[in-house]
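In the UniProt record's numbering, the protein residues as written are 1 to 173.
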């Protein structure tokens, strides 16, 4: 990775279109189990991706379609790693593989966190919808009596991530 990071282009898709796209990718790749949990490791493998654990910032390096690496720091948790993988897949689909007409900015093949910006938010929206599909999340939220700890456990995400998702879906009063 070079020492100067380049900001990813912005996707022209709306957040609701990004949400639908993330869920469609999970369905198309048959990586959602009966409880709605997405196997991001299986998805990554199906797409030709690999994971490297290194003492560096979370990032994505794309060599070609179906040939990329997600870099995870050695000190993060399994829940954090799941979200990071989903986030980097968001960059892969929204900012690397997207047709030119869907991009605003120059295409890049290396994605590194540069703080808060539109491409990072778009990748977070993708990750949230990939890991917690709306219909399955809503059903689990009701089934589990609105217990955010149990819902987070079901989807293998952090409790704060589950809370944000529940708020976004209008499930919390």
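Don't be surprised by glycine CBs; every beta carbon is placed ideally from N, CA and C.
**Q.** Given 8 Å, three or more beta-carbon pairs between the stretch 79-90 and the stretch 36-43
**A.** yes
Q. Is the beta carbon of residue 89 less than 9 Å from the beta carbon of residue 25?
A. yes
Q: For residue 60, decide whether its Cβ has a neighbour in chain C, counting only Cβ atoms nearer than 9 Å.
A: The structure shown contains no chain C, having only a single protein chain.
Q. Hey, which unbroken runs of the alpha helix (DSSP H) at 4 residues or more fall wholly within the stretch 132-170?
A. 134-143, 148-155 and 159-168
Q) Tell me which same chain residues have a C-beta within less than 7 Å of the C-beta of residue 149, skipping the five on either side of it? A) 159
Q. Would you report the Cα separation of residue 137 and residue 151, rounded to the nearest angstrom?
A. Taking the CA atoms as reference points, residue 137 sits about 8 Å from residue 151.
Q: Would you tell me roughly how many angstroms separate the C-alpha atoms of residue 132 and residue 123, rounded to the nearest one?
A: C-alpha separation (whole angstroms): 14 Å.
Q | Rounded separation between residue 61 and residue 109 - CA only | A | 6 Å
**Q.** Reduced DSSP category for residue 73 - H, G, I as helix; E, B as strand; rest coil
**A.** strand
Q: Have a look at residue 142 and residue 106 and give me their C-alpha separation to the nearest angstrom.
A: 43 Å
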